Amino acid sequence: MDPDIALFVDVVREGSLASAARLWRLSPAMVSKRIARLERRLGVRLLHRTTRRLAPTTAGAAFHMEVAPLIAGLRAAEARATQNGGGPAGPLWVSAPTSFGRMWIAPYLTPFLDRYPAIRLRLDLTDDFIDVIDGGIDLAIRITATPPSGLEAHRLADNRRVLCASPAYLARAGTPQNIADLADHALLAAQGQFPWRLTGATVNGESRVETPSSEVVRELVLGGAGIALRSLWDVGDALADGRLVRILPAHEGSAAVGIWAVHAAAGAPPAVPALLAHLSEVWRDATWMT
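Numbered by the numbering used here, the letters in the sequence shown go through residues 1055 to 1344 in order.
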């Protein structure tokens, strides 16, 4: 398949250089250069370019009419060959929250990569909600109550969150007996995490330490700095071995918050469902899934 012709077909379909650039993970300037290279090779102008619109010339429209079905056929044949030849292949760009990705994605990727050696994986861990389409991301893991609209969204698991503190903190400050008691305690949360929306209550507070990092909050609560609302996937091990203690168990975080996988509604690479199936299998027996 001639990549410049395939790119031209996508530019016409998308209606803009910028949209095609995101699809191909190129800069708009590089897309423009490659279209110009194809035009020089063919000896004909294929596109009208203005600041307001992009449209094929008469010659470009005729060329597109001939090559678009060929490109579509080649892509379908490649997809069938990939499926018959051992599974998904090609680039796969994944974005996930920092802590969740470090604890529950990165350690479990080796079997997936061994099974699909032709996949070229990029994993970005960030607590920023990067735009999936504009960012060129194939698959994003989001922990939220409201996954972004306009995308395919799959709720992979509930995100149970509990109030907890270290035994040392509770020995020093006392154990809250009701929600109102939290007003007399040191609370810990990353920026933007207040108010806490709990079962039967909402807690407005101010974190004892200001930080944008959820991982910093985890270390603070383990170190005895105060009380935090933490996900079970994050602190389940510390609760099990006694480094942390649950408090006010009747008040968990809102059940509306879940762990979601989101991707473009169309055109997701075959590696996306393969990775989701792998991770779902890995997480199935995790204690935080129950």
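We put the beta carbon where it would ideally sit given N, CA and C, even for glycine. Fair warning: this is a prediction, and the values are worked out from it, not measured in the lab.
Q. Is it buried or exposed for proline 1288, if we count other Cβ within 10 angstroms and need 16 for buried?
A. For clarity, residue 1288 is aspartate in the given sequence; the question names proline instead. Residue burial annotation: aspartate 1288 is buried, with at least 16 other C-beta atoms found within 10 angstroms of its C-beta.
(Q) I need the boundaries of the beta strand (DSSP E) containing serine 1149, first residue and last residue. (A) Taken as a continuous stretch (DSSP letters only), the beta strand (DSSP E) holding serine 1149 covers 1144 to 1150.
Q: Output yes or no for whether 7 Å exceeds the beta carbon distance between proline 1123 and valine 1066.
A: Their beta carbons are not under 7 Å apart, which means proline 1123 does not touch valine 1066 by this criterion.
Q) Is the beta carbon of alanine 1243 less than 7 Å from the beta carbon of serine 1261? A) Their beta carbons are under 7 Å apart, which means alanine 1243 touches serine 1261 by this criterion.
Q) Alpha carbon to alpha carbon, what distance is there between proline 1142 and histidine 1118? A) Those two C-alpha atoms are separated by around 29 Å.
Q) Over what stretch of residues does the beta strand (DSSP E) that includes tryptophan 1314 continue unbroken? A) It spans 1312 to 1318 - the beta strand (DSSP E) in which tryptophan 1314 sits, taken as one unbroken run.
Q. Can you find a heavy atom of the ligand HEM that lies under 6 Å from the Cβ of arginine 1099?
A. Inclusion of the ligand HEM in the displayed structure is not the case, the ligand content being empty and no account of it being possible.
Q: Return the residue from the list Tyr1223, Asn1213, Val1275 that minimises the CA-CA distance to alanine 1315.
A: Nearest C-alpha to alanine 1315: Asn1213.
Q) Using DSSP with H/G/I as helix, E/B as strand and the rest coil, what is aspartate 1058? A) In this structure, aspartate 1058 counts as helix in the three-state DSSP scheme.
Q.
Relative to the C-alpha of proline 1145, which candidate in Ser1153, Leu1177, Val1121 has its C-alpha closest?
A. Proline 1145 has its Cα closest to that of Leu1177, out of Ser1153, Leu1177, Val1121.
Q. For the alpha helix (DSSP H) that contains glutamate 1206, what are its first and last residues?
A. In the DSSP assignment, glutamate 1206 falls outside any alpha helix (DSSP H) and lies within the beta strand (DSSP E) extending over 1205 to 1212.
Q: Name the residue from Ala1072, Leu1179, Leu1061 whose alpha carbon lies nearest to the alpha carbon of isoleucine 1125.
A: Here the closest residue by C-alpha is Leu1061.
Q. Relative to the alpha-carbon of aspartate 1185, which residue among Trp1147, Ala1328, Val1216, Trp1158 has its alpha-carbon at the smallest distance?
A. Nearest option by C-alpha distance: Trp1147.
**Q.** contact_flag[the stretch 1162 to 1169, the stretch 1268 to 1281] where n(CB pairs < 8 Å) is 3 or more
**A.** With the cut-off at 8 Å, the stretch 1162 to 1169 and the stretch 1268 to 1281 do not touch.
Q | Where proline 1249 falls: helix, strand or coil (DSSP) | A | Residue state for proline 1249 is assigned as coil, using DSSP reduced to three classes.
Q. My guess is that aspartate 1058 and arginine 1091 are in contact by the Cβ rule of under 8 Å, so how many angstroms apart are they, rounded?
A. Confirmed, about 6 Å.
Q: Drop a sphere of 10 angstroms on the beta-carbon of arginine 1347, count the other beta-carbons inside from all chains shown, and report buried for 16 or more, exposed for fewer.
A: One cannot answer for residue 1347 here, as it falls past the ends of the chain, which runs 1055 to 1344.
Q | Contact the stretch 1316 to 1327 vs the stretch 1204 to 1219: 3+ CB pairs below 8 Å | A | Using a C-beta cut-off of 8 Å, the stretch 1316 to 1327 makes contact with the stretch 1204 to 1219, since at least three inter-stretch Cβ pairs fall below that distance.
Q: Would you list the one or two residues that DSSP bridges to isoleucine 1281?
A: Looking at the DSSP assignment, isoleucine 1281 forms a beta bridge with Leu1241.
Q. If serine 1220 and isoleucine 1191 are in contact, beta carbons under 8 Å, what's the gap, nearest whole angstrom?
A. No, serine 1220 and isoleucine 1191 are not in contact; Cβ-Cβ is about 37 Å, not under 8 Å.
Q | Bounding residues of the beta strand (DSSP E) (the contiguous stretch that carries alanine 1187) | A | Looking at the sequence shown, residue 1187 is not alanine but isoleucine. It is not in any beta strand (DSSP E) - isoleucine 1187 carries neither H nor E in the DSSP assignment.
Q: Ignore the nearest five residues each way along the sequence and tell me which others in threonine 1253's own chain have a CB closer than 6 Å to its CB.
A: In its chain, beyond the 5 residues on either side, His1305, Glu1306 have a beta carbon closer than 6 Å to the beta carbon of threonine 1253.
Q. Can you name the residues that DSSP bridges to histidine 1102?
A. The partner list for histidine 1102 (beta bridge, DSSP) reads Ala1109.
Q. Roughly how many angstroms separate the alpha carbons of valine 1257 and glycine 1280, rounded to a whole number?
A. Roughly 15 Å between the two C-alpha positions.
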